[in-house]
Amino acid sequence: MKLYIDSANLDEIRDLAWLVDGVTTNPSLVAREKVPFEETIARICELVDGPVSAEVMSLVADDMVREGRALARIHPNVVIKVPMTEEGMKAVQALSADKVRTNVTLVFSANQALVAAKCGASFVSPFVGRVDDVGGGGMDMVSDILDVLQNYVFPTEVIVASVRHPRHVFEAAALGAEIATVPHAILKQLFRHPLTDAGIERFLKDWKAAKPPASA
Ligand code: G3P
2 MKLYIDSANL DEIRDLAWLV DGVTTNPSLV AREKVPFEET IARICELVDG PVSAEVMSLV
62 ADDMVREGRA LARIHPNVVI KVPMTEEGMK AVQALSADKV RTNVTLVFSA NQALVAAKCG
122 ASFVSPFVGR VDDVGGGGMD MVSDILDVLQ NYVFPTEVIV ASVRHPRHVF EAAALGAEIA
182 TVPHAILKQL FRHPLTDAGI ERFLKDWKAA KPPASA
């Protein structure tokens, strides 16, 4: 399973660049950084050698394609994030015909993922946290998407997005999702367990108490 970091913050990305397989950004994350969009994407591409999703802001297919082509010129690792709309899917078809990789975002159903895959999407991003927020089953949606896509030979990979806690990462992996994109703070939590901390503390205490001779 691949882990991406869901962030546009260069410090966060630099901190975990050694671990992650890619980066996803969205307009809200980029706006928070107060750095020009293209510059942010270029700098992220210098930090992580893997797919870096950059989202188009237009809502009309031709404009999305123009915007997507310009973003794709920043670096070969740039993947164009396109919202799951009818216009978006026209743009995905056109970009994929140009061999520009796309990540279809704001996916909330298996049918949306199916259409995106048929249009040539390289990635689809179901937003699990936002489904859970409104009382739905985010992971049930991911399970449905994986079931549908695995029936066929789409090259589309599923990025579990809108991850809110470590349990989401475990559930994504248990379902066999190819990728989870995870905020920095939650990636940090993946290393931790209170029994690991307690175990280290006890080993150190026992070692210091016994003072065993150093090996030759
Ligand atoms: O990058 C897309 C997605 O991960 C957004 O997450 O927490 O704003 O629903 P969230």
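According to the numbering used here, the sequence shown is numbered sequentially starting from 2.
Even for Gly, the Cβ is constructed at its ideal location relative to N, Cα and C.
The C-alpha of Ala199 lies about 14 Å from the C-alpha of Phe192. Counted as a single uninterrupted DSSP element, the beta strand (DSSP E) harbouring Gly23 occupies residues 23 to 25. Taking Val80 as the centre and dropping the five residues before and after it, the same chain places the C-beta of Pro52, Ser54, Arg102, Asn104 closer than 6 Å to its C-beta, in chain order. Here the alpha carbons of Glu88 and Met58 stand approximately 12 Å from one another. One residue list follows from the rule of a beta carbon closer than 6 Å to any heavy atom of the ligand G3P, given in chain order as Asp7, Thr25, Asn27, Phe128, Gly130, Arg131, Ala162, Ser163, Thr182. For Glu68, the enclosing alpha helix (DSSP H) stretches over residues 62 to 73. When rounded, the separation of the alpha-carbon atoms in Arg168 and Ala62 is 36 Å. At a Cβ-Cβ threshold of 8 Å, Ser123 and Glu179 do not count as neighbours. The residues Ala62, Met65, Val66, Gly69, Val83, in chain order, have a CB closer than 7 Å to that of Ala92 in the same chain once the five nearest residues on each side in sequence are set aside.
In the structure shown, Lys82 falls within a strand segment according to DSSP collapsed to helix, strand and coil.
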